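Numbering (our numbering), first residue to last: 1382 to 1635.
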Amino acid sequence: MVTVEHNAAVAVELVVFTVLDEQLAVLAAVRQVMPFRNRLELPGGFLLPDEDLPEAAERELWEKTRIESARVYLEQLGTYASADRDPRGRVVTVAYLALVPGMSADLTGGSALTEGGRTHEQDDGEDGPELPEERAAEAEWVPADELLDDPDSLAFNHHRILGDGVERVRARLEYSSLGTLFCADEFTIGDLRKVYEAVWDTTIDPRNFHRKVSGTADFVVETGRVTSGEGGRPARLYRLGDVTVLNPPLRRPA
């Protein structure tokens, strides 16, 4: 007989990406309780007794962002179970990747994005700097690269989780049509190229990109409409086609 002496708590974390100002941005909240008080963290919370992991991810997405799960792409990113990832005790967290269209990034802000369920006031983690009171209740879209450049910018092991999320979404854009999920329902090829440039953090030749996208069968479909032409020539509008796997893939520039 196996005797279980220690139980681990289970949590979910959300790596919520959008594209704003031509940058890949991630949703982060200022943590308001110890440990790591005043540091930024990814939204998340503990698994409730009566729910499974996908339900917990959808609940946390709604509670912390007021973004309905039906409006976003949500997939499991990975499981993180290092014994020392949480100074309060053993916590196994399952991270989920969420992609939000840039034009639909509708947040309530405020305390809705603070820690839900993690209320221990245990002073055994390293706090961040004191923040102005008006900043302490904010949630914000932060450039992902800005957080990745500073390993101490995020609480717990959220820096590693964010790094895994960035690499996952970059790879997925090579082989799938997920890049269109950052766009509005109708978009130009230029809009889609800006998404790829933001996620891959690079510059892409417009003609080469247009040729590859239009040459991939049923990746995007013309709507028969064009943009208004304000600030330039009218451009054709497209929508997502039926393809989910790109063949050939769109390779990241070396």
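For every residue, glycine included, the Cβ atom is placed at its ideal position computed from N, Cα and C.
No experiment lies behind these values; they were computed from the predicted model shown.
CB-CB length for residue i against residue j, believed under 8 angstroms
| i | j | result |
| --- | --- | --- |
| Leu1535 | Glu1422 | 6 angstroms |
| Phe1590 | Arg1574 | 5 angstroms |
| Leu1434 | Asp1545 | That belief does not hold up - the Cβ atoms of Leu1434 and Asp1545 are roughly 17 angstroms apart, past 8 angstroms. |
| Glu1449 | Arg1440 | Going by Cβ atoms, the distance from Glu1449 to Arg1440 rounds to 11 angstroms, so no, they are not a contact pair. |
Nearest candidate by alpha-carbon position, reference residue i, set the options
| i | options | result |
| --- | --- | --- |
| Lys1445 | Glu1555, Phe1568, Val1396 | Val1396 |
| Gly1470 | Leu1434, Arg1549, Ala1390 | Ala1390 |
| Leu1401 | Asp1623, Tyr1577, Phe1590 | Tyr1577 |
| Ser1463 | Gln1457, Tyr1454, Val1473 | Val1473 |
| Met1415 | Arg1574, Phe1537, Arg1541 | Phe1537 |
| Thr1460 | Arg1412, Glu1394, Glu1449, Gln1404 | Glu1394 |
| Asp1465 | Arg1614, His1539, Gly1613, Asp1572 | His1539 |
| Asp1623 | Gly1605, Ala1598, Arg1614, Gly1613 | Ala1598 |
| Ala1410 | Asp1431, Leu1442, Asn1388 | Leu1442 |
| Glu1603 | Asp1431, Gln1404, Asp1566 | Asp1566 |
| Gln1404 | Leu1528, Asn1388, Val1594 | Leu1528 |
Where residue i falls, given that 16 or more other Cβ within 10 Å makes a residue buried
| i | result |
| --- | --- |
| Asp1467 | buried |
| Leu1429 | exposed |
| Ala1392 | buried |
| Val1475 | buried |
| Gly1596 | exposed |
| Ala1438 | buried |
| Arg1646 | Because the chain in this structure spans residues 1382 to 1635, residue 1646 falls outside the shown range and cannot be described. |
| Gly1613 | exposed |
| Asp1586 | exposed |
| Asp1572 | buried |
| Gly1426 | buried |
Contacts around residue i, its chain only, beta-carbon distance under 8 angstroms, and the 5 residues preceding and following it disregarded
| i | result |
| --- | --- |
| Arg1551 | Val1580, Trp1581, Arg1633 |
| Thr1569 | Thr1608, Ala1616, Arg1617, Leu1618, Tyr1619 |
Same chain, Cβ closer than 6 angstroms to residue i, neighbours up to 5 away in sequence not counted
| i | result |
| --- | --- |
| Thr1399 | Ala1406, Val1481, Gly1483, Ala1486 |
| Val1547 | Ala1525 |
| Glu1456 | Leu1478 |
| Arg1553 | Leu1559 |
| Thr1583 | Pro1634 |
| Pro1532 | His1540 |
| Arg1606 | Leu1618 |
| Tyr1454 | Leu1480, Leu1562 |
| His1501 | Note that His1501 scores a pLDDT of 27, beneath 50, so its modelled location is shaky; the value from the coordinates is reported in the next line. Once the five neighbours on either side are set aside, the close Cβ partners of His1501 are Arg1469. |
Cβ neighbours of residue i in the same chain (closer than 7 angstroms, five flanking residues each side left out)
| i | result |
| --- | --- |
| Leu1621 | Ser1558, Thr1561, Val1601 |
| Leu1408 | Val1397, Pro1424, Thr1446, Ala1520, Trp1522 |
| Tyr1556 | Val1626, Leu1627, Pro1630 |
| Arg1549 | Leu1458, Leu1478 |
| Gly1506 | Confidence at Gly1506 is low in this model, with a pLDDT of 48, below 50, so its placement is unreliable and the value that follows should be read with caution. Met1415, Pro1416, Phe1417, Pro1468. |
| Val1594 | Ile1570, Leu1573, Phe1600, Val1601 |
Q: Enumerate, from N- to C-terminal direction, the unbroken alpha helix (DSSP H) stretches of 4 or more residues contained entirely within the segment 1414-1452.
A: Annotation note: the segment 1414-1452 contains the following uninterrupted alpha helix (DSSP H) runs of length 4 or greater, listed N- to C-terminal: 1434-1446.
Q: For the segment 1447-1481, list the beta strand (DSSP E) runs that are entirely contained and at least 3 residues long, ordered along the chain.
A: For the segment 1447-1481, whole beta strand (DSSP E) runs of length 3 or above, ordered along the chain, are 1454-1461, 1472-1480.
Q) Can you list the alpha helix (DSSP H) stretches of 4 or more residues lying completely in the segment 1557-1632, in chain order? A) Look at the segment 1557-1632 and you find these whole runs of alpha helix (DSSP H), each 4 residues long or longer: 1570-1581, 1587-1596.
**Q.** Runs of beta strand (DSSP E) lying entirely within the segment 1515-1546, each at least 3 residues, in chain order
**A.** Taking only runs of at least 3 residues, the beta strand (DSSP E) segments lying wholly in the segment 1515-1546 are 1520-1524.
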